[in-house]
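Have a look at the structure below before the remarks.
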Amino acid sequence: MITMSSEAPLSKVIVALDCNNENDALEIANLLDPKLCNLKIGFELFISCGPSIIKKIHNLNYKIFLDLKLHDISNTVLKSINTIGKLGIWMTNIHSSGGKKMMLNAQEELRKVQKDCLLLGVTILTSLNDKDLKEIGFQNNVNNQVLRMASLCHQSKLNGIVCSANEAKVIKENFPSEFICVCPGIRALDDYIDDQSRVITPELAAQNGADYIVVGRPITRSRDPKNTLAIFKKEFEENMR
Numbered sequence: 000m001i002t003m004s005s006e007a008p009l010s011k012v013i014v015a016l017d018c019n020n021e022n023d024a025l026e027i028a029n030l031l032d033p034k035l036c037n038l039k040i041g042f043e044l045f046i047s048c049g050p051s052i053i054k055k056i057h058n059l060n061y062k063i064f065l066d067l068k069l070h071d072i073s074n075t076v077l078k079s080i081n082t083i084g085k086l087g088i089w090m091t092n093i094h095s096s097g098g099k100k101m102m103l104n105a106q107e108e109l110r111k112v113q114k115d116c117l118l119l120g121v122t123i124l125t126s127l128n129d130k131d132l133k134e135i136g137f138q139n140n141v142n143n144q145v146l147r148m149a150s151l152c153h154q155s156k157l158n159g160i161v162c163s164a165n166e167a168k169v170i171k172e173n174f175p176s177e178f179i180c181v182c183p184g185i186r187a188l189d190d191y192i193d194d195q196s197r198v199i200t201p202e203l204a205a206q207n208g209a210d211y212i213v214v215g216r217p218i219t220r221s222r223d224p225k226n227t228l229a230i231f232k233k234e235f236e237e238n239m240r
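The opening residue of the sequence shown carries number 0 in numbering that gives the first Met the number 0; numbering runs sequentially from there.
What follows is the structure, encoded as structure tokens:
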């Protein structure tokens, strides 16, 4: 098992390594600074490189958010979370649509192998809007559905949720402050929104109560990733509640 420090990260910014090979991931990591950000490893990179990429990123002193959004029957998720817990990561997630039983079992299993790892529940993807939810079959709008799923996550003793910062305000109004909101879909005012739907600026995310923001392409595809990171970090952290 890899052992990492349980100390809180120095930064509230998580940079998404949205790439599909080790060389690109390490190149981006080396352009940034573990004192300025944490890193997110998602499906694409993890499937391409496997657990070895986690060790290599750890060796650069980054804290890692492993973003796999596990969503399966309870037993399958339980076994997967056991393996994930042995990787020494800082944060990971499961999908709240898997239900309360799945989430409860997952958090209990994770505590057995890595008690300091944060476990979050994914609510509604930031690429979806009210129309998309209606097509899927949800009766609630995005705001109400996120609140409902957040309630399930809290009852399941998860550490928090992944949601758009647009919904962070209502989460902070309804749950304890230690129930954290990790918020992707962050863009500067002049950024292209790519495949996102519910986007928000770092300043507004902070004012709404987001605990951490996840930023990918606006930083990793910029001409000067470290400087762009510093701008996002400053705007977010200076406006936090």
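The beta-carbon is built from N, C-alpha and C at its ideal position, and this holds for glycine as well.
Keep in mind that this is a model prediction, so the values were computed, not measured.
According to DSSP, is residue i part of a helix, a strand, or is it coil?
| i | result |
| --- | --- |
| K68 | strand |
| L16 | coil |
| V121 | strand |
| C180 | strand |
| L38 | strand |
| M239 | coil |
| F231 | helix |
| K76 | Lys is not the amino acid found at residue 76; the sequence shown has Val there. In this structure, V76 counts as helix in the three-state DSSP scheme. |
| T219 | helix |
| A29 | Checking the sequence, you will find Asn at residue 29 rather than Ala. Residue state, collapsed to three classes: helix. |
| T2 | Here the model assigns T2 a pLDDT of 46, short of 50, so the residue's position is not dependable and the matter cannot be decided. |
| G97 | helix |
| T91 | strand |
| V213 | strand |
| G242 | The structure shown has nothing for residue 242, since the chain only spans 0 to 240. |
Looking at C-alpha atoms only, which residue of the options is the closest neighbour of residue i?
| i | options | result |
| --- | --- | --- |
| D206 | E172, K78, K39, N20 | Per the sequence shown, the amino acid found at residue 206 is Gln instead of Asp. Nearest C-alpha to Q206: E172. |
| I179 | E237, I40, C152, I218 | C152 |
| C182 | V169, I199, C162 | C162 |
| Q113 | V121, G159, G84, E166 | G84 |
| A28 | M239, E237, T219, K233 | T219 |
| I63 | L118, K100, E108, S95 | L118 |
| N104 | M90, E134, I135, D71 | D71 |
| L59 | L25, S155, F231 | L25 |
| L109 | K99, E166, M90 | M90 |
| I123 | I160, K111, P217, L16 | I160 |
| C116 | D66, A149, Q138, Q154 | D66 |
Using 10 angstroms around the beta-carbon of residue i, count the other beta-carbons present and answer buried if the total reaches 16, otherwise exposed.
| i | result |
| --- | --- |
| P175 | exposed |
| I46 | exposed |
| T82 | exposed |
| N226 | exposed |
| F235 | buried |
| K156 | exposed |
| Q144 | buried |
| G41 | buried |
Whole angstroms are fine: how far does the CA of residue j sit from the CA of residue i?
| i | j | result |
| --- | --- | --- |
| L127 | G215 | 18 Å |
| G87 | Q106 | 15 Å |
| L9 | K34 | 6 Å |
| R222 | S73 | 44 Å |
| N158 | D189 | 33 Å |
| D210 | E134 | 31 Å |
| K78 | P224 | 37 Å |
| V121 | H94 | 5 Å |
| M102 | K39 | 21 Å |
| E43 | G97 | 21 Å |
| V14 | K68 | 17 Å |
| G201 | K11 | According to the sequence displayed, residue 201 carries Pro and not Gly. Cα to Cα, P201 sits roughly 11 Å from K11. |
| I230 | V213 | 14 Å |
| V169 | R186 | 21 Å |
| E237 | R147 | 30 Å |
| K233 | M239 | 10 Å |
| L203 | L30 | 27 Å |
| D17 | N92 | 17 Å |
### Query
Quick check: the segment 20-28 against the segment 50-62, are there 3 or more CB pairs under 8 Å?
yes
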